[in-house]
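Residue numbers (my numbering): 21 to 292.
Ideal placement from N, C-alpha and C gives every residue a C-beta, glycine not left out.
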């Protein structure tokens, strides 16, 4: 094709032609050479300095702890939706790990918590428990949405503190599946707006997005690529390799390195 058509579109058209000829009992031989190849793309990631500037520029609001969410994405290599979907029970401060439920592909995974986030996440858990108490008092009988398997086995779990969101939305809403009023978590656009505004303040709005911070996690981390694949929740190591850059530097966790060991007791103790 001579037009500006994506490789996937070309291959889709080729598949239709092949199907036509097979239907006519006239299969085409040696056709694979005509399949379009996707151009190799080099993923770009914010530099360490840009991440540092973004953290300084980002502004929390009453209901959106934007800096903590940014640090979770960058420090744990999470997808944008994953920190927002955390429940109180998913944060194990004592053993320093997060349980990411129903990630891409429907698989759960465990990721370590950076040292510099331990105290701040502990504070977030305390605030979420307070929010749960307030919610129960104001909206008795209205719970949170649950994973399907849990909802079938333990429907009353929606009212328990453990299944309450770590980052709850400000108000209740109607669940489109059940039609019931529920308490939901913060939506991705809250984090996306906060990151975009901060990136614009530092002149990096074309470089930094919430998802690019996940790229930066892979780029700035020195984790072995197989372990990085597991931590990022990839099925194929080839996907992980696309995030990795030759200049991956010498630190076990990019957020800990960015903030430094001296900030663990001071900045971590400050609520975000």
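For residue i, the nearest candidate out of the options (CA to CA)
i, options, result
"residue 105", "113, 128, 114", "128"
"residue 182", "144, 108, 140", "108"
"residue 131", "250, 170, 259, 28", "250"
"residue 164", "178, 172, 82", "178"
"residue 99", "246, 80, 237, 277", "237"
"residue 280", "26, 38, 72", "72"
"residue 221", "141, 171, 75", "75"
"residue 241", "172, 27, 67, 28", "67"
"residue 133", "244, 113, 150", "113"
"residue 12", "260, 198, 209, 90", "The structure shown has nothing for residue 12, since the chain only spans 21 to 292."
"residue 277", "142, 26, 91, 244", "91"
"residue 142", "245, 115, 122", "115"
"residue 151", "176, 29, 82", "82"
"residue 180", "168, 162, 193, 80", "162"
"residue 201", "126, 218, 160, 208", "160"
"residue 175", "192, 198, 191, 153", "198"
Continuous beta strand (DSSP E) stretch holding residue i: start and end
i, result
"residue 194", "188-194"
Cross-strand partners of residue i (DSSP beta bridge)
i, result
"residue 201", "194"
"residue 119", "130"
"residue 112", "117"
"residue 185", "107"
"residue 215", "Paired residues: none, contrary to the question."
"residue 164", "203"
Pair within 8 Å by beta-carbon distance, residue i and residue j
i, j, result
"residue 233", "residue 111", "no"
"residue 275", "residue 84", "no"
"residue 166", "residue 189", "no"
"residue 32", "residue 224", "no"
"residue 65", "residue 226", "no"
"residue 155", "residue 203", "yes"
"residue 41", "residue 47", "yes"
"residue 148", "residue 184", "yes"
Extent of the continuous alpha helix (DSSP H) to which residue i belongs
i, result
"residue 102", "101-104"
"residue 263", "257-263"
"residue 137", "Neither: residue 137 is in no alpha helix (DSSP H) and is coded neither H nor E."
"residue 178", "Taken as a continuous stretch (DSSP letters only), residue 178 belongs to no alpha helix (DSSP H), as it is neither H nor E."
"residue 43", "27-43"
"residue 90", "86-96"
"residue 240", "230-240"
"residue 73", "68-77"
"residue 276", "274-279"
"residue 82", "Unbroken run through residue 82: none, as it is neither H nor E."
"residue 250", "245-252"
Integer-rounded CB distance, given that residue j should sit under 8 Å from residue i
i, j, result
"residue 252", "residue 95", "So it is not a contact: roughly 13 Å between Cβ atoms."
"residue 102", "residue 120", "5 Å"
"residue 157", "residue 186", "Not confirmed; about 19 Å, so no contact."
"residue 88", "residue 140", "6 Å"
"residue 212", "residue 230", "6 Å"
"residue 214", "residue 86", "4 Å"
"residue 243", "residue 257", "Not a contact, Cβ separation roughly 13 Å."
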